[in-house]
Amino acid sequence: MIEAYKEYWSNITVMDARATRGQYWWPQVLNYLVLFIYGMITNISQYYNFETQEFIKLNIYAFIFMGLTFAIWLANFTVRARRLHDTNRSNWWVLVYLIPLFGPIIMFVFMVLPSKSYSRWSVNQSELS
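Sequential numbering from 1 applies to the sequence shown in full-length UniProt numbering.
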């Protein structure tokens, strides 16, 4: 689990490899946990008085949250492409997300499909490090 999360962040710019189901899903679970904990910690600051210093602190929390979510979005985009490669699909299938309502459902199905042993992309993301 931790190894998959390390690979998730260390291969943030790699799109021409493969990622197994575990290498895709463990980072997803851990990211939701990180964002949930960060939200719980920073949400407590809502109940303070809105003096100038507290308002600045809330803005800093918001900027940190935006940076964190952008980094996670970028890493998710590339790991999703690697996961599609593992199911022997092109990373252009990521565009399925643009189809309203059905796109995320189709992509979810692709993400839970088993790995194909015969893939055009022979290198797993674990072999890159």
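C-beta atoms are modelled at their ideal positions from N, C-alpha and C, and glycine is treated no differently.
- Taking the Cα of W92 as reference, the smallest distance to any Cα among T20, Y38, M107 is reached at M107.
- If you draw a straight line from the Cα of M15 to the Cα of F65, it comes to about 25 Å.
- Only residues of its own chain outside the window of five on either side were considered, and among them I72 have a CB closer than 6 Å to the CB of N31, listed in chain order.
- Distance from the CA atom of N76 to the CA atom of G103, rounded to whole angstroms, is 16 Å.
- Within a 10 Å sphere around the beta-carbon of P27 sit 16 or more other beta-carbons, which makes this residue buried.
- Within the same chain, Cβ atoms closer than 6 Å to the Cβ of H85 are found at R18, W121, the five residues on either side in sequence being excluded.
- Going by C-alpha positions, R21 is about 26 Å away from Y38.
- The C-beta separation of K116 from T87 comes to about 6 Å, placing the pair in contact by the 8 Å criterion.
- Under DSSP, R18 shares a beta bridge with N124.
- Shown here for E127: same chain residues with a beta carbon closer than 8 Å to its own, the five before and five after excluded, namely A17 in chain order.
- For Y118, the secondary structure class from DSSP, reduced to helix, strand or coil, is coil.
- Apart from sequence neighbours up to five positions away, the residues of its chain that approach V96 with a beta-carbon distance below 7 Å are G103, I106, M107, ordered along the chain.
- Counted as a single uninterrupted DSSP element, the alpha helix (DSSP H) harbouring W9 occupies residues 2-10.
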